[in-house]
Amino acid sequence: LIDLFPDWPDERFPLYALYPSRHLPAAKVRAFIDFVMAAIEPKAGGPV
Numbered sequence: 172l173i174d175l176f177p178d179w180p181d182e183r184f185p186l187y188a189l190y191p192s193r194h195l196p197a198a199k200v201r202a203f204i205d206f207v208m209a210a211i212e213p214k215a216g217g218p219v
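Reading the sequence shown from the start, the letters are residues 172 to 219 in my numbering.
Right under this line is the structure:
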């Protein structure tokens, strides 16, 4: 697993994105990952 938020201070609900390393994620998956990261960035207090 790749930890998407290694500096996230709260471990109540860890979040991971899994996809084969030999393939780039589909555009829909990449868009979702970007959306989630943007949504939680203000709560993280900085870049995620």
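Positions of the beta carbon are idealized from the N, C-alpha and C atoms, including for glycine.
Contact belief for residue i with residue j at Cβ below 8 Å, rounded distance in angstroms
i: Ile204; j: Tyr187; result: The pair is not a contact, with the Cβ atoms about 10 Å apart (cut-off 8 Å).
Cutoff 7 Å; reference residue i; Cβ partners in own chain excluding five residues on either side
i: Val200; result: Tyr190
Cutoff 7 Å: residue i Cβ touching any chain D Cβ
i: Val207; result: Checking the listed chains, one finds no chain D in this structure; it contains a single protein chain.
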